[in-house]
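> Let me give you the structure first, and then I'll get to my questions.
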Amino acid sequence: MKQDKSTLHIDKREPSFYRLRAARAFVKDALLIDLQTAEEVPGPDYASIDLGHQHVHHSIARFINHSCDPTAYVDAKAKKIVAVKPIKRGDEITFNYLISERQIVAPFDCNCGTSNCVRRVKKILAVEQSHDV
Ligand SMILES: [Zn+2]
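Laid out in structure tokens, this is it:
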């Protein structure tokens, strides 16, 4: 997936908090990362991406941080990460884990700083309700 390497870069300026950034501008709906060849893993973990019927690891997508006002989203059906708005060179690529993931296995505090920030990113998989009353 050569397009990933030339158009995105991993910002390692903060040693404990890597960020994926755009190395060029993208229009809304542009393909950022193709997840077709991403490695399937048995279940969700802190780095996996939920595609509905499977969880995958991707060498570059694993650096995408959560934001409550993200620049991208996971199109699970098409197995793609797509720009949700126009992205400028240098902008961080983010998606909203609470939308894309059915379960947050490693809850964390969000510091995205956006006005609609949820502060705590946490989601437990809904347990199927028993029909016994
Ligand atoms: Zn937030």
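Numbering (the working numbering), first residue to last: 317 to 449. Glycine included, each C-beta is placed from N, C-alpha and C at the ideal position. Bear in mind the structure is a predicted one, so any value in this text is a computation, not a measurement.
With a cut-off of 8 Å, do at least 3 Cβ pairs link the segment 373-392 to the segment 421-428?
Yes: the two stretches touch, three or more of their Cβ pairs being nearer than 8 Å.
> Closest to residue 334 by CA distance: which of 344, 437, 375 and 343 is it?
When each option's Cα is compared against that of residue 334, the closest is 375.
> Quick one: give me the first and last residue of the beta strand (DSSP E) that residue 336 is part of.
Looking at the DSSP string, the run of the beta strand (DSSP E) that includes residue 336 is 335-338.
> Three Cβ pairs or more, each shorter than 8 Å: is that satisfied between the segment 339-356 and the segment 386-406?
With a cut-off of 8 Å, the segment 386-406 and the segment 339-356 count as touching, because enough Cβ pairs lie within range.
> For the alpha helix (DSSP H) that residue 414 lies in, which residues bound it at each end?
Counting along the chain, the alpha helix (DSSP H) containing residue 414 begins and ends at 413-416.
> Just to check my reading of the structure: residue 402 and residue 344 have Cβ atoms closer than 8 Å, yes? What is that Cβ distance to the nearest angstrom?
Yes, residue 402 and residue 344 are in contact; Cβ-Cβ is about 5 Å, under 8 Å.
> Mind checking which residues open and close the beta strand (DSSP E) that includes residue 280?
An answer regarding residue 280 cannot be provided, because it is not within the stretch 317 to 449 covered by the chain.
> Strictly closer than 5 Å from CB to any heavy atom of ligand 1: give me those residues in the order they appear in the chain.
Qualifying residues come out as 384, 426, 428 and 433.
> What's the C-alpha gap between residue 416 and residue 332?
Computed Cα separation, rounded: 24 Å.
> Give the straight-line distance between the Cα atoms of residue 436 and residue 322, rounded to the nearest whole angstrom.
Using only the alpha carbons, I get a separation of about 33 Å.
> Pick out the complete alpha helix (DSSP H) segments inside the segment 347-372, 4 residues or longer, and give them in chain order.
Correct list: empty.
> Give me whichever residues DSSP pairs with residue 326 in a beta bridge.
Answer by DSSP bridge pairing, in chain order: 336.
> Is the Cβ-Cβ distance between residue 452 and residue 346 less than 9 Å?
The structure shown does not extend to residue 452, since the chain is modelled only from 317 to 449, so the question has no answer here.
> Could you tell me which uninterrupted alpha helix (DSSP H) segments, each at least 4 residues in length, are contained entirely in the segment 369-393, listed from first to last along the chain?
Runs found: none.
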